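*Asks:* Last residue of the sequence shown? That's 471 in full-length UniProt numbering, and every number before it is there in order.
Where is the CB? At the ideal position from N, CA and C, for every residue including glycine.
Quick caveat: nothing in here was measured; it's all calculated off a predicted structure.
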Amino acid sequence: MDTVTKYSLGSTLFLALLLLSNWQELIWQSAWLDGQAVVLVWGIGHVVMIGHVLMLCILATILSVRWVVTSAGLRRQQAWSYSLAVAVSWLSYALWRFGVRADIILPIGFLLNGAIVAWIYYYLQLYNILPLAKTVAVENVVEGIFFVDKEDYIVAINARAQTMLSGLPVSIGADFKATAAAWPALGEVDSRPGVQMLEAERQQPLHAGWYQLTKIPLQKSVGQPSLGRVILVKDITSQKQDQAQLIEQQNALAILTERNRLGREIHDGSGQIWNYLLLELKSLSLLMANKQTEDAAKLVERLEGILRDVHDDVRESIVSLNSGKVENHDFMTTLQEYFRWYKQAYSIDLVLDLPDKPLENFISKNIEVQLMRIIQEALTNIRKHAKASQAQISMRAEGENFVVVISDNGCSFEPATDCSIGHYGLSIMKERAEAVGGQLIIESTLVQGTKIKIIFSARGSYGETQNSTGG
Numbered sequence: 001m002d003t004v005t006k007y008s009l010g011s012t013l014f015l016a017l018l019l020l021s022n023w024q025e026l027i028w029q030s031a032w033l034d035g036q037a038v039v040l041v042w043g044i045g046h047v048v049m050i051g052h053v054l055m056l057c058i059l060a061t062i063l064s065v066r067w068v069v070t071s072a073g074l075r076r077q078q079a080w081s082y083s084l085a086v087a088v089s090w091l092s093y094a095l096w097r098f099g100v101r102a103d104i105i106l107p108i109g110f111l112l113n114g115a116i117v118a119w120i121y122y123y124l125q126l127y128n129i130l131p132l133a134k135t136v137a138v139e140n141v142v143e144g145i146f147f148v149d150k151e152d153y154i155v156a157i158n159a160r161a162q163t164m165l166s167g168l169p170v171s172i173g174a175d176f177k178a179t180a181a182a183w184p185a186l187g188e189v190d191s192r193p194g195v196q197m198l199e200a201e202r203q204q205p206l207h208a209g210w211y212q213l214t215k216i217p218l219q220k221s222v223g224q225p226s227l228g229r230v231i232l233v234k235d236i237t238s239q240k241q242d243q244a245q246l247i248e249q250q251n252a253l254a255i256l257t258e259r260n261r262l263g264r265e266i267h268d269g270s271g272q273i274w275n276y277l278l279l280e281l282k283s284l285s286l287l288m289a290n291k292q293t294e295d296a297a298k299l300v301e302r303l304e305g306i307l308r309d310v311h312d313d314v315r316e317s318i319v320s321l322n323s324g325k326v327e328n329h330d331f332m333t334t335l336q337e338y339f340r341w342y343k344q345a346y347s348i349d350l351v352l353d354l355p356d357k358p359l360e361n362f363i364s365k366n367i368e369v370q371l372m373r374i375i376q377e378a379l380t381n382i383r384k385h386a387k388a389s390q391a392q393i394s395m396r397a398e399g400e401n402f403v404v405v406i407s408d409n410g411c412s413f414e415p416a417t418d419c420s421i422g423h424y425g426l427s428i429m430k431e432r433a434e435a436v437g438g439q440l441i442i443e444s445t446l447v448q449g450t451k452i453k454i455i456f457s458a459r460g461s462y463g464e465t466q467n468s469t470g471g
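Below, the structure written as structure tokens:
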């Protein structure tokens with residue numbers, strides 16, 4: 001239809017120019033009355049005009065037939081209706097060529113053509129299904145929708161939006177600035193350029209609710225003038241409640257898991273020491289009973305060293321538990337405080353190599369918690385078993401991964417055997433890394449000491465979703 005209109009526009013303007021100028025003789029050369037009939041002698045312009053009109057009718061017929069063949073459903077009914085209008089034009093022309101007076105058949109043909117199109121358009125509503133569909137969708141979606149023009153007036157609003165925004169000055173014809181003043185979150189999302197989304201809480205007399213606000217500019221494409229914007233309002237109160245319940249369950253599970261891990265650590269560590277001390281004290285009692293004072297003194301000295309190690313382990317466990325609480329603290333601050341305590345407590349030089357960007361750009365809060373515990377466990381192993389004088393911790397981004405390397409210059413061990421039996425707490429470190437989707441790799445050589453590499457997926461797979469909130 002657009003193609004036919006485009007090609008007919010030029011001929012229509014040319015015909016109007018001829019009729020409104022002195023070039024009318026190109027259409028008719030002369031005219032006279034023969035009784036009550038008007039006799040016209042047509043010129044060359046009339047022949048050209050009729051030929052051009054016939055070509056347009058042929059083009060419209062071809063396009064109509066192709067439309068009927070290539071469409072289906074309601075689109076095919078639209079094609080048939082347009083083809084019927086074209087057929088009426090052909091019928092009018094045929095009757096005129098077979099002698100019917102033009103002043104009779106042409107007006108009737110135009111009238112019949114217009115009546116058919118109007119009947120199909122307004123009664124059957126074949127052409128305006130898309131606007132009707134949009135209207136029905138806007139009125140029945142679960143989200144609230146209202147439209148604001150470029151002059152900041154509300155021009156349309158559905159029933160759902162009126163319900164969710166009850167108590168606010170929101171109605172057709174109302175000033176949107178007054179609505180935004182009553183609920184600042186609307187003004188905040190509206191002030192941002194382009195398509196924007198915001199989550200905001202709204203306090204009402206009987207209850208408080210959470211809503212997702214989305215602003216969409218009314219423009220055909222980016223860069224073109226905007227006629228206004230669409231504001232979508234979605235009630236996400238139940239989702240927020242479910243999310244809070246899920247977080248609470250996850251925290252409870254994390255506490256239970258941490259208790260189990262601590263229980264295993266105590267059982268495999270200091271828990272075994274007390275049994276050993278009990279046996280050694282019995283041996284000491286026998287030595288004292290047999291007057292073996294020299295052997296008893298050596299045993300007492302050995303027991304004093306063991307108790308000092310137990311004291312250090314307990315003290316370090318207390319510090320680790322306190323410094324491991326990074327859920328509500330900055331990870332780097334917590335880590336640096338632990339490093340300062342470790343350097344003061346033990347004669348091991350620590351080197352910390354960090355990336356330029358903040359760690360929250362790479363890893364989530366859940367990973368930070370587990371990473372802190374892994375670092376503490378690794379430093380404990382270095383103090384107790386590696387006999388190292390220096391340790392280094394480096395963190396860096398490698399492609400889509402975030403890599404942490406903990407290395408020392410102490411004695412080595414065999415990872416394939418020692419790690420498998422949980423020696424030096426390596427199995428617990430592996431569990432912590434795997435709990436947040438990470439991977440722990442151990443490299444130990446006689447010359448270069450031990451290197452522990454922990455690889456995490458960069459923020460995304462295990463990152464936390466951060467939503468904007470408004471008042």
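Are there 16 or more other CB atoms within 10 angstroms of the CB of M395, so buried, or fewer, so exposed?
*Replies:* Its Cβ being crowded by 16 or more others within 10 Å, M395 is buried.
*Asks:* Exposed or buried, which one is E377 when buried takes at least 16 other CB atoms within 10 Å?
*Replies:* E377 comes out buried.
*Asks:* So the candidates are I374, H385 and N401; which of them puts its Cα closest to the Cα of P393?
*Replies:* Per the sequence shown, residue 393 should be read as Ile rather than Pro. If we check each option's Cα against that of I393, I374 comes out closest.
*Asks:* By how many angstroms is the C-alpha of I50 removed from the C-alpha of I157?
*Replies:* 52 Å
*Asks:* Which of the three DSSP states is assigned to R202 in this structure?
*Replies:* strand
*Asks:* Going by beta carbon distance, what residues of the same chain come within less than 6 Å of G144, once the five residues before and after it are set aside?
*Replies:* R160, A161, M164 and V233
*Asks:* Between T417 and the rest of its own chain, which residues show a CB-CB distance below 6 Å, the 5 nearest in sequence each way excluded?
*Replies:* Model confidence at T417 stands at a pLDDT of 49, short of 50, so the residue's coordinates are unreliable; what they give is reported in the following sentence. So no residue of the chain qualifies.
*Asks:* Report yes if the CB atom of P358 is closer than 9 Å to the CB atom of A397, and no otherwise.
*Replies:* no
*Asks:* Where does D34 sit, in a helix, a strand or coil, going by DSSP?
*Replies:* Here D34 sits in strand by DSSP.
*Asks:* Take residue 511 as the anchor and find which of D149, L106 and A289 has the nearest alpha-carbon.
*Replies:* A question about residue 511 goes unanswered here, because the residues of the chain that appear run from 1 up to 471.
*Asks:* Is the Cβ-Cβ distance between V310 and L284 less than 9 Å?
*Replies:* No, they are not a contact pair.
*Asks:* Can you tell me where the beta strand (DSSP E) with Q292 in it begins and where it stops?
*Replies:* Where Q292 is concerned, there is no enclosing beta strand (DSSP E), given that its DSSP letter is neither H nor E.
*Asks:* Report the three-state DSSP secondary structure of F362 (helix, strand or coil).
*Replies:* coil
*Asks:* Can the beta-carbon of S412 be found closer than 9 Å to that of S444?
*Replies:* A contact, by the Cβ cut-off of 9 Å.
*Asks:* In terms of residue numbering, what span does the beta strand (DSSP E) encompassing residue 473 cover?
*Replies:* Residue 473 cannot be examined here, being either before or after the span of the chain that is shown, 1 to 471.
*Asks:* Among D295, M372, L350 and A297, which one has its Cα closest to the Cα of D330?
*Replies:* M372
*Asks:* For the alpha helix (DSSP H) holding D190, just list the boundary residues, first then last.
*Replies:* P184 to S191
*Asks:* Could you give the distance in angstroms between the alpha-carbon of E368 and the alpha-carbon of L253?
*Replies:* 17 Å
*Asks:* Just to confirm the assignment, what range does the alpha helix (DSSP H) spanning R432 have?
*Replies:* L426 to A435
*Asks:* Among V47, V48, G45 and Q29, whose alpha-carbon lies nearest the alpha-carbon of V39?
*Replies:* For the residues V47, V48, G45 and Q29, the minimum Cα distance to V39 belongs to Q29.
*Asks:* Taking all protein chains shown into account, decide if S457 is buried (16 or more other Cβ within 10 angstroms of its Cβ) or exposed.
*Replies:* buried
*Asks:* Closest to V65 by C-alpha separation, out of S81, M55 and V53, would be which residue?
*Replies:* S81
*Asks:* By how many angstroms is the C-alpha of I442 removed from the C-alpha of I382?
*Replies:* Just so you know, the alpha carbons of I382 and I442 end up roughly 13 Å apart.
*Asks:* Assign R315 to one of three DSSP states: helix, strand, or coil.
*Replies:* helix
*Asks:* Which residue's Cα is closest to the Cα of W274: V155, V314 and Q250?
*Replies:* V314
*Asks:* Just curious, the beta strand (DSSP E) that F456 is in, first and last residue?
*Replies:* G449 to S457
*Asks:* In this structure, how does DSSP classify S285 when only helix, strand and coil are distinguished?
*Replies:* helix
*Asks:* For P355, which three-state DSSP category applies?
*Replies:* coil
*Asks:* Taking buried to mean at least 16 other C-beta atoms within 10 Å of its own C-beta, is R259 buried or exposed?
*Replies:* exposed
*Asks:* In the DSSP assignment, the alpha helix (DSSP H) including K343 goes from what residue to what residue?
*Replies:* F331 to A345
*Asks:* Hey, how far is the Cα of residue 541 from the Cα of L106?
*Replies:* The structure shown has nothing for residue 541, since the chain only spans 1 to 471.
*Asks:* Looking at the structure shown, is D309 part of a helix, part of a strand, or coil, going by DSSP?
*Replies:* helix
*Asks:* Flag this pair as yes or no: are the beta carbons of S92 and F110 separated by less than 9 Å?
*Replies:* yes
*Asks:* With a CB to CB cut of under 6 Å and the five nearest residues on each side skipped, what residues in its chain are close to Q196?
*Replies:* V189 and K215
*Asks:* By DSSP, does I157 sit in helix, in strand, or in coil?
*Replies:* strand
*Asks:* By Cβ distance, which residues of its chain are closer than 6 Å to F146, with the 5 residues on each side in sequence left out?
*Replies:* Same-chain partners within the cutoff: I154, I157, A161 and I231.
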